[in-house]
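Numbering (this note's numbering), first residue to last: 1 to 280.
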Amino acid sequence: TKAKSKKIIGIVATIVILILIALGANPETINTISKITGININLEQNITETSNNNLSSQETKNNIINGEELIVDYIDVGQADSILLRTQDTAMLIDAGNNGDGEDVEKYIKDKGINEIEYLIGTHPHEDHIGGLDNIINEFNIGTIYMPNITTNTKTYEDVLTAIENKGLNINIPKKGDKFNLGKAECEVMTDSILDKNNLNLASIVIKITFGNNTFLFTGDAETENEETINWPKVDVLKVGHHGSNTSTSEEFLNQIQPKIAIISVGEDNDYGHPNSETI
């Protein structure tokens, strides 16, 4: 069932975090807040504990810059992606799940007291990433929309374009090296999209976000071909590409970025076999 499938992301995230801690991840160098449905991660004290499906967070030292904190919410949308980044004054949404997740993502954001999204990013035009974007565009004040320069003829994609047009907004096409700020968080586009209509995953927008000493990497469904295009910096927190598929997250890539925490967004008993055991 949908309710059952939505629980698996917490289980997978917990397993991944425990493995990384066991391998010697150093929480003192991370000092970050990551919110995951049903999980409270206290990096400073090296604790991972369940919280009865209630969202909670643990503030850590050095995660506040001049009174501002950055909170990253990996929203539980089952076999899909949706990530909310927020400070006291501004917010960014990266993807919005499947078509059926749009209202849930909308409610999740409104429950945080947010009515404006400064940056809205559709990493690539697959339904499990842009399915709920039309809901978000229709219901919130939107600043800048980023999407790759590739199209598809699906109704999902057309619904997003219609919502953008109805609000009088424009699509901005990012390129490697583009930088912008979310409050005091520094955002950088890491790769150019690879435009292949036979594999839309390769068009994924990949963004690195730095907040103080904490670095996050958001990969959409980027694959090994994308990973091979640059020499990567180290990061603290990785949103694993393509739901943990073995087409992404190569050993060479991991050896470069050396993440201390990895987040995999998947649905239970999905038809794709994600996450792949090789990736885990």
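Heads up, the beta-carbon is just placed ideally off N, CA and C, and yes, glycines get one too.
Which residues in the same chain have their Cβ closer than 8 Å to the Cβ of residue 167, if we skip the five residues on either side of it in sequence?
137, 138 and 142.
Residues of its chain near residue 149, where Cβ-Cβ distance is below 6 Å and the 5 sequence neighbours each way are ignored
So the qualifying residues of the chain are 173.
Is DSSP giving residue 102 helix, strand or coil here?
Of the three classes helix, strand and coil, the one that applies to residue 102 here is helix, per DSSP.
Leaving out the 5 sequence neighbours to the left and right, which residues in its chain are closer than 6 Å to residue 259 when beta-carbon positions are compared?
Within the same chain, residue 259 has close Cβ partners 235 and 238.
Going by alpha carbons, who is nearest to residue 70 out of 77, 78, 83 and 76?
When only C-alpha atoms are compared, the closest one is 83.
Mind checking which residues open and close the alpha helix (DSSP H) that includes residue 157?
Bounds of the alpha helix (DSSP H) holding residue 157 are 155 to 166.
Under the assumption that residue 225 contacts residue 241 (Cβ atoms under 8 Å), give the Cβ distance between them as a whole number of angstroms.
Actually they do not touch by this definition, with Cβ atoms about 11 Å apart.
With which residues is residue 92 paired in a DSSP beta bridge?
Residue 92 has 85 and 119 as its beta-bridge partners, per DSSP.
Can you list, in chain order, the residues of its chain whose CB lies under 6 Å from that of residue 196, leaving out five sequence neighbours each side?
Hits under 6 Å: 202.
Three or more C-beta pairs closer than 8 Å, one from the segment 92 to 106 and one from the segment 72 to 83: is that the case here?
As far as the Cβ criterion goes, the segment 92 to 106 touches the segment 72 to 83, which means the pair count is three or higher.
Are residue 176 and residue 65 close, meaning C-beta to C-beta below 9 Å?
Contact flag unset, no.
So, using beta-carbon positions, are residue 124 and residue 117 closer together than 9 Å?
Judged by beta-carbon spacing, residue 117 lies beyond the 9 Å limit of residue 124, meaning their Cβ atoms are not closer than that value.
Spatially closest choice to residue 151 from 169, 193 and 178, by CA coordinates
Residue nearest to residue 151 within the set 169, 193 and 178 is 193 (criterion: CA-CA distance).
Quick check: what's the CA-CA separation for residue 277 versus residue 165?
Note on geometry: alpha-carbon atoms of residue 277 and residue 165 lie some 42 Å from one another.
Whole-angstrom C-beta distance between residue 274 and residue 200, which should lie under 8 Å
Between residue 274 and residue 200 the Cβ distance is about 17 Å, and since that is not below 8 Å, they are no contact.
Can you give me the C-alpha to C-alpha distance between residue 93 and residue 182, rounded to a whole angstrom?
Rounded to the nearest whole angstrom, the CA to CA distance from residue 93 to residue 182 is 11 Å.
I'd like the ranges of any alpha helix (DSSP H) spanning at least 4 consecutive residues and lying wholly in the segment 209 to 252.
Listed in chain order, the alpha helix (DSSP H) elements of length 4 or more contained wholly in the segment 209 to 252 are 224 to 227.
State the Cα-Cα distance for the pair residue 134 and residue 119, rounded to the nearest angstrom.
In a straight line, the C-alpha of residue 134 is about 14 Å away from that of residue 119.
May I ask which residues mark the beginning and end of the alpha helix (DSSP H) holding residue 145?
Unbroken run through residue 145 is the beta strand (DSSP E), 141 to 146; no alpha helix (DSSP H).
Taking residue 130 as part of the alpha helix (DSSP H), name the residues at either end of that continuous run.
First-last of the alpha helix (DSSP H) with residue 130: 127 to 130.
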